[in-house]
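> In full-length UniProt numbering, the protein residues as written are 1 to 368.
All C-beta atoms in this analysis are idealised placements derived from N, C-alpha and C, irrespective of residue type, glycine included.
Shown below is the structure under consideration.
This is the structure:
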């Protein structure tokens, strides 16, 4: 058989890379860890809980969106709270939303456990909760057909990657689990944190052991790796950062699946982790600002205004895309245009909102 892919190489799975090109990234990662952990320690218990819920919810939503699956934020947050053992209003939660939330909470609570086949089987069951279209759920794939990543029409598709055959899954995954645990739990290991997380992701996704959910589990393994390297749950916005430039992510994977020399991949993934740390710091500041905002303004708002403000905060640190228009307000608050106009003027007068533009171009923003 013609050798095309990394797993067909004689070097597989011994990945090589230029450590000197990662040195500055690894140093910045260590500095950022201290900054993030210090920032978390300075928030109160309620803000810390809100931060945890926001990070896990964002990661559950964005790791799904990377794969083209769009879930409901409120259901995800409710499910995250339930899985964390927090009180929550009863609501109907779809299996997919409950499943990915369950995986994110498990990843957070049990990050320090050694990796096992059973753990990955459990994650797969969570991610495929409610699915009826898969042959193998909670186990590695067994189908005889080639495992390919493709795009385009069925009759004219492009093969971006072909993984090892299903018959080799036990051998390949035994090797992966052994590498992961040896690299993270045995002393004398010389692989630095960013390189370790990047290898974990690329190694796993190159094997592609499950029928579906491989990308989501690969990203979970990268987060587990980061947490093990720093000695506590990392709580970084990795999937959120990847999703913001997911074409770059897919290009980086495609550029590094034919060789075991992966310097370019590790530089890309290392920088992505640094960007995710910056996102985390922004989220911490946002949570603090949000708490101060509600302390100051909550009693000044009516029910409609409160509903709209909560929706604006749901948009996160980046804010409501394009700003809030009066039409947006009418739709979110489910009210008339005249009532929306009065509510918005009242919120401007109370400095709850600030505005830009005029006439039809008028947009409103939270005053934080």
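1) Would you kindly work out how many angstroms separate the C-alpha atoms of residue 227 and residue 259, rounded to a whole number?
2) Please list the terminal residues of the continuous alpha helix (DSSP H) segment that includes residue 184.
3) What is the rounded straight-line gap between the Cα of residue 183 and the Cα of residue 340?
4) Quick check on the DSSP output: what are the complete beta strand (DSSP E) runs of length 3 or more inside the region 60-96, in order along the chain?
5) Assuming the contact rule is C-beta atoms closer than 8 Å, residue 40 and residue 80 should be a hit. Round their C-beta distance to whole Å, please.
6) With C-beta atoms as the reference, is residue 56 less than 8 Å away from residue 274?
7) Can you give me the start and stop residues for the beta strand (DSSP E) that residue 148 sits inside?
8) Could you please give the first and the last residue of the uninterrupted alpha helix (DSSP H) stretch that includes residue 356?
9) Alpha carbons only, please: which of 70, 353, 289 and 238 is nearest the one belonging to residue 268?
10) Would you mind sorting residue 171 into buried or exposed? The rule is 16 or more other CB atoms within 10 Å of its CB.
11) Rank 76, 132, 131 and 128 by C-alpha distance to the C-alpha of residue 105 and give the top, closest one.
12) Within the continuous alpha helix (DSSP H) that includes residue 216, where are the two ends?
13) What does DSSP give as the partner residues of residue 132 in its beta bridges?
14) How would you call residue 215, buried or exposed, if buried means at least 16 neighbouring beta carbons within 10 angstroms?
15) Relative to the C-alpha of residue 30, which candidate in 308, 194 and 61 has its C-alpha closest?
16) So, for residue 336: in the same chain, excluding its five sequence neighbours on each side, which residues have a beta-carbon less than 8 Å away from its beta-carbon?
17) For residue 276, which residues of its own chain have a beta-carbon under 6 Å away from its beta-carbon, when the five flanking residues on both sides are left out?
18) For residue 199, is the classification buried or exposed, using 16 other Cβ atoms within 10 angstroms of its Cβ as the cut-off for buried?
19) Distance, Cα to Cα, residue 197 vs residue 322?
20) How many whole angstroms separate the CB atoms of residue 369 and residue 202, which I take to be in contact at a CB cut-off of 8 Å?
Let's see:
1) Here residue 227 is taken as the residue at index 227 of the chain shown, counted from 1. Here residue 259 is taken as the residue at index 259 of the chain shown, counted from 1. When rounded, the distance between both Cα atoms is 28 Å.
2) The residue labelled residue 184 in the question sits at position 184 within the chain shown. Element bounds for residue 184: 169-185.
3) The residue given as residue 183 occupies position 183 in the chain shown. The residue given as residue 340 occupies position 340 in the chain shown. If I take the Cα positions, the gap works out to 58 Å.
4) None, since the region 60-96 contains no complete beta strand (DSSP E) of that length.
5) Within the chain shown, the letter at position 40 stands for residue 40. Within the chain shown, the letter at position 80 stands for residue 80. Cβ atoms of residue 40 and residue 80 stay farther apart than 8 Å, at about 18 Å.
6) For the purposes of this step, residue 56 is taken as the residue at position 56 of the chain shown. For the purposes of this step, residue 274 is taken as the residue at position 274 of the chain shown. No, the Cβ-Cβ distance between residue 56 and residue 274 is not below 8 Å.
7) By 1-based counting over the chain shown, the position of residue 148 is 148. That run of the beta strand (DSSP E) goes 148-151.
8) Here residue 356 refers to the residue found at position 356 when the chain shown is read from its first residue. For residue 356, there is no enclosing alpha helix (DSSP H); the residue is found in the beta strand (DSSP E) stretching over 353-356.
9) Position 268 of the chain shown, counting from 1, holds the residue named residue 268. Here the closest residue by C-alpha is 238.
10) In the chain shown, residue 171 corresponds to position 171, counting from 1. Answer is exposed; the Cβ neighbour count stays below 16.
11) In the chain shown, counting from the first residue as 1, residue 105 sits at position 105. When only C-alpha atoms are compared, the closest one is 76.
12) By 1-based counting over the chain shown, the position of residue 216 is 216. Taken as a continuous stretch (DSSP letters only), the alpha helix (DSSP H) holding residue 216 covers 214-230.
13) Taking the first residue of the chain shown as position 1, residue 132 is located at position 132. Paired residue(s): none; residue 132 is not in a bridge.
14) Position 215 of the chain shown, counting from 1, holds the residue named residue 215. A buried status is given to residue 215, since no fewer than 16 other beta-carbon atoms sit within 10 Å of its beta-carbon.
15) Start at 1 with the first residue of the chain shown, and residue 30 comes out as number 30. Nearest C-alpha to residue 30: 194.
16) Sequence index remark: in the chain shown, residue 336 carries index 336 (1-based). Taking C-beta separations shorter than 8 Å and ignoring five residues to either side along the sequence, the partners of residue 336 in its chain run 330, following chain order.
17) The count along the chain shown starts at 1 and reaches residue 276 at position 276. Correct list, in chain order: 236, 237, 238 and 241.
18) As a position in the chain shown, residue 199 is number 199, starting the count at 1. The residue is buried, with at least 16 neighbouring Cβ atoms inside 10 Å.
19) Residue mapping note: residue 197 aligns to position 197 of the chain shown, counting from 1. Residue mapping note: residue 322 aligns to position 322 of the chain shown, counting from 1. Computed Cα separation, rounded: 35 Å.
20) The structure shown does not extend to residue 369, since the chain is modelled only from 1 to 368, so the question has no answer here.
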